[in-house]
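Protein chains: 4
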Amino acid sequence: MNVLDHGFVNLVESWGSDERIIEAARQSVGGGFVSWAPYEGHPKGDAGLLRYMWEHEHATPFEFAGAVFEVRAPIFVFREWHRHRVQAFSEASARYAPLPDLNYVPTVERMLQKGGASRQAGSTGATLTQRQAEFACEGIANTYKDIQYEYEGLLENGVPKELARLVLPVGRYSQMRASANLRNWLAFLKLRQAPNAQHEIRVYANAVHDMLAEKFPRTVALFDEGAP
Amino acid sequence: MNVLDHGFVNLVESWGSDERIIEAARQSVGGGFVSWAPYEGHPKGDAGLLRYMWEHEHATPFEFAGAVFEVRAPIFVFREWHRHRVQAFSEASARYAPLPDLNYVPTVERMLQKGGASRQAGSTGATLTQRQAEFACEGIANTYKDIQYEYEGLLENGVPKELARLVLPVGRYSQMRASANLRNWLAFLKLRQAPNAQHEIRVYANAVHDMLAEKFPRTVALFDEGAP
Amino acid sequence: MNVLDHGFVNLVESWGSDERIIEAARQSVGGGFVSWAPYEGHPKGDAGLLRYMWEHEHATPFEFAGAVFEVRAPIFVFREWHRHRVQAFSEASARYAPLPDLNYVPTVERMLQKGGASRQAGSTGATLTQRQAEFACEGIANTYKDIQYEYEGLLENGVPKELARLVLPVGRYSQMRASANLRNWLAFLKLRQAPNAQHEIRVYANAVHDMLAEKFPRTVALFDEGAP
Amino acid sequence: MNVLDHGFVNLVESWGSDERIIEAARQSVGGGFVSWAPYEGHPKGDAGLLRYMWEHEHATPFEFAGAVFEVRAPIFVFREWHRHRVQAFSEASARYAPLPDLNYVPTVERMLQKGGASRQAGSTGATLTQRQAEFACEGIANTYKDIQYEYEGLLENGVPKELARLVLPVGRYSQMRASANLRNWLAFLKLRQAPNAQHEIRVYANAVHDMLAEKFPRTVALFDEGAP
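First to last, the protein sequences are chains D, G, L and W.
Under the working numbering, the final residue of the first sequence carries the number 228; numbering is consecutive throughout.
Under the working numbering, the final residue of the second sequence carries the number 456; numbering is consecutive throughout.
Under the working numbering, the final residue of the third sequence carries the number 684; numbering is consecutive throughout.
Under the working numbering, the final residue of the fourth sequence carries the number 912; numbering is consecutive throughout.
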């Protein structure tokens, strides 16, 4: 699934299922999954149990499912992503291989976006005109070019890769795999799909959300209903 | 897989593979899995990379695989098991459903076992005779019976389950699911298959080991060679 | 601070403070703690920031404080406590030293308690009379005595400590130290002070709460106001 | 403690002590700290127990001490640091406040350094001359200047801070507080003081090491002896 100008999120694999989550929960009373539909003594079926667990924050059963994603995103997005310490990460390292010349340039529409960003993260007070926004996007793109020119020069002159990378901008794309259980992915979505999250990580969170929804439709539907 | 007199360990599911571990590791240089056999520039194939990572404790890639087990074991075994805080657990609760009358009675051979236990955990100095060992096993079994009699009586008289359970012995079987990534399962095995681990958790660790070896044969083979 | 019939919770040490939490939070904008009272540009002072963080679940700053407790509690209480996997635990082991003959016997009032326990954890339907409750408490105490008699017999006959302990009841007291940061302690309190938590762990959580309130009065006051 | 050209590491506070670690360990047998010097039944004193725990990787007691540091370091150093997921971090955010114009420029000696870096992270094969190294350092410094010029221009034109930051290089200094228990700090040192760690994070790890050694002299002395 493509994200931003050069990024993507791909599902590598998932484990568990909505049914497995019920199975894990039923360990506490010695049972398993029966049926999503109503059955003897459970007028709402196991769908009722799933909802009960979600609404009462019985979070452990949601640790019995999970997913691995492969992600290409700008470094500043990864910097926020890596705050989620219950995930496992394996990322490209510019110590070992030069990072390809892929950099995130915001669109003019994004540059003019209002309200997506929190007040603090917003502009310095001025309101951008269309022309100013175009100019800013070009300025960023040109700076990336100058940086890449310097980066390549340093590498060609024999500067160690681990030092040549110092000039790389946080708008440069990197790549990683990230693995987490479903409980943690949902905590990630809660923070990173929130209105005050930065647009650029929000679009990645949206992609993660949609792929999780295919694998765990009932759990993600409960998540979509809102808190907790 | 049966363990002890009434216990078991069953694999519920696993994710990842030896190949996926290589894929995760190759994120750092932007590649994937190629071949376990030798290939251009890699005289030992990706088997060489797997060994290198293992021997140099590059542990993160081993977090990109994992397994879920269903386990029935005595409470004192679970008490040690639950010290592994990177695992997810969902266990039966005697607050909600009475625990079935299944209790661990050591065999006479186990009772006479030497050296398996560390010195500190060992006997008070005396050496058990065959007759004494038989007597001890019977004593334990009889105590379980008396406890069960009391437990049932309390429940029948209307004592809340959460209080009736106070008398249950730590030799009583409970049941749970446990989920962890492969890095953590191997850390579990390292501690719990060690000679100074108590025999009863060691046999569970052995069962976990054998089921992991079927799913991740190359990684577990490296583990079996020894440290780290 | 004494808890139940033979238990206690003592504060070993704490680190950080309400002020340190503000300092950690201000890292994001490059400042420090100023004043709890109003000041230039902050009409609610740093008290306003603390409240904002709490209400918006900005949890990380609360990881920059913490506390270590020494606790003596029944094993079934520790079994619930140890589900909090972000804490560090160091507990007495009956493999290495026999556990002293201290066991939890509920009071008759506790035995008759209504509503504290969740419905599922409650009685089997019958309603206990005063006499039945007394009888149940005596029955539990007598079972403990029988178990202790067997336990001592096994030890005296030279049965390894790690096997003699099999008969010990989950009502037996054990002892541990537990360390966690403040964010985690508050998550512990949220679950374990809840009305549906079992009475016996609730009284321990209450003791932890009161000692934290002395060290972190402003943060605990926010916690006491309610969610999140 | 100053590190690199504009960085530092300062100890904010620590908790626990070598003695507290012994106390935590003695929970398992029901005792406390006695004496570092020999005493009845302990010919090596509690120094012997500390060594035993260290050498046998009984790691839990080392979780009962810890430290908080305030750190200013280049972003690429923080990127490696943040892989240590058991630490708590609170970092400056360029979404909320522009990052000051402080950037890491390697010295010529560092640029010419051999062997510190692993082979893979090293040069592209060429060997730098003194003149080339000087030229590279100047090139990096000049690129920083151009980037800062662009960054300020974007901010002045009203581009949101969260987008203006895209051009910032990973050589830019940021600031954070980091909190962890001693077990985790020693794991950090083991990886980041290793010969194949990048020089720039190694000097930070050295500073952390020296400050820990003042607070926990006996534990750090064992660490310094080597594995594990």
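From the three backbone atoms N, C-alpha and C, an ideal C-beta is built for every residue, glycine too.
Worksheet item: Taking Cβ positions, are P74 (chain D) and I21 (chain D) nearer each other than 7 Å?
Response: no
Worksheet item: Looking at F297 (chain G) and L232 (chain G), is the spacing between their C-beta atoms short of 7 Å?
Response: no
Discussion item. Within 10 Å of its beta-carbon, does P266 (chain G) have 16 or more other beta-carbons around it, so buried, or fewer, so exposed?
Written reply: exposed
Fill in: Closer than 8 Å at the beta carbon, the chain W residues around M632 (chain L)
Q711
Discussion item. Counting only Cβ-Cβ distances shorter than 8 Å, please list the residues of the stretch 185-209 of chain D near chain G, keeping chain order.
Written reply: none
Worksheet item: Under the rule that 16 or more other beta-carbon atoms within 10 Å means buried, what is Y939 (chain W), buried or exposed?
Response: Nothing can be reported for residue 939 (chain W), as the shown portion of chain W is limited to 685 through 912.
Practice prompt. Please classify W264 (chain G): does DSSP put it in a helix, a strand, or coil?
Written response: coil
Discussion item. Taking 8 Å as the cut-off, does the stretch 388-395 of chain G touch the stretch 621-636 of chain L (at least 3 CB pairs, one atom from each stretch)?
Written reply: yes
Worksheet item: Any idea what DSSP makes of N412 (chain G), helix, strand or coil?
Response: helix
Practice prompt. Examine the Cβ distances between the stretch 728-744 of chain W and the stretch 44-60 of chain D and report whether three or more of them are shorter than 8 Å.
Written response: no
Worksheet item: Applying a beta-carbon distance threshold of less than 7 Å, which residues of chain A neighbour Y552 (chain L)?
Response: Considering every chain present, this structure includes no chain A. Its protein chains are D, G, L and W.
Worksheet item: Given a threshold of 16 other Cβ atoms within 10 Å of its Cβ, counted over all protein chains shown, does A117 (chain D) qualify as buried or as exposed?
Response: Annotation note: pLDDT 48 at A117 (chain D) (below 50); position unreliable, coordinate value reported separately. Per the 10 Å Cβ criterion, buried.
Worksheet item: Taking Cβ positions only, does P100 (chain D) come closer than 7 Å to chain W?
Response: no
Worksheet entry | Cβ pair M632 (chain L), F545 (chain L) closer than 7 Å | yes
Practice prompt. Could you check what DSSP says for N142 (chain D) in three-state terms: helix, strand or coil?
Written response: helix
Worksheet item: Would you say the beta carbon of A653 (chain L) comes nearer than 6 Å to a heavy atom of the ligand HEM?
Response: Judged by which ligands are present, the structure shown has none, so any question about the ligand HEM falls away.
Discussion item. Between T60 (chain D) and chain G, is the shortest Cβ-Cβ distance under 7 Å, so that the two count as touching?
Written reply: yes
Fill in: 7 Å Cβ cutoff, G116 (chain D) in contact with chain W
Its pLDDT being 47, under 50, G116 (chain D) is placed unreliably in this model, and the value from its coordinates should be taken loosely. Not closer than 7 Å to any Cβ of chain W, the Cβ of G116 (chain D) fails to qualify, so no.
Worksheet item: Relative to the alpha-carbon of G716 (chain W), which residue among L:F489, L:A548, L:H498 and L:L506 has its alpha-carbon at the smallest distance?
Response: L:A548
Practice prompt. Measuring only between beta-carbons, confirm whether L232 (chain G) sits less than 7 Å from chain L.
Written response: no
Discussion item. If I follow the unbroken beta strand (DSSP E) through F692 (chain W), where does it start and stop?
Written reply: G691 to W699
Worksheet item: Using a Cβ-Cβ cut-off of 6 Å (strictly less than) and excluding sequence neighbours within five positions of D18 (chain D), which residues of its own chain qualify?
Response: F216, R218 and T219
Item to complete: Using a Cβ-Cβ cut-off of less than 8 Å, list which residues of the stretch 498-523 of chain L approach chain W; keep chain order.
Response: T516, P517, E519, F520 and G522
Item to complete: Return yes when the Cβ of L558 (chain L) is within less than 7 Å of the Cβ of Y629 (chain L), no when it is not.
Response: yes
Fill in: CB-CB length for L678 (chain L) against G472 (chain L), believed under 8 Å
Not a contact, Cβ separation roughly 15 Å.
Worksheet item: Secondary structure at S484 (chain L), three-state DSSP: helix, strand or coil?
Response: helix
Worksheet entry | Nearest residue (CA-CA) to L189 (chain D), options D:R202, D:Q198, D:S179 and D:A178 | D:R202
Discussion item. Residues in the same chain with beta-carbon distance under 7 Å from N412 (chain G), minus the five sequence neighbours each way, listed in chain order, please.
Written reply: H312, V314 and Q315
Fill in: Burial state of S863 (chain W) (16 or more Cβ within 10 Å)
buried
Item to complete: Name, in chain order, the residues that DSSP records as bridge partners for N230 (chain G).
Response: G:F236
Worksheet item: Grouping DSSP H, G and I as helix and E and B as strand, with all else coil, what is V387 (chain G)?
Response: coil
Worksheet item: Buried or exposed: Q255 (chain G), going by 16 or more other Cβ atoms within 10 Å of its Cβ?
Response: buried
Worksheet item: Which two residues bound the contiguous alpha helix (DSSP H) that contains R279 (chain G)?
Response: G273 to E283
Practice prompt. Just confirm the distance between the C-beta atoms of A133 (chain D) and L99 (chain D), as a whole number of angstroms; I'd bet it's less than 8 Å.
Written response: A133 (chain D) to L99 (chain D), Cβ: 27 Å. No contact.
Practice prompt. Going by CA-CA distance only, name the one from W:M895, W:G910 and W:L875 that's closest to M685 (chain W).
Written response: W:M895
Worksheet item: What's the gap between the Cα of F532 (chain L) and the Cα of A435 (chain G)?
Response: 27 Å
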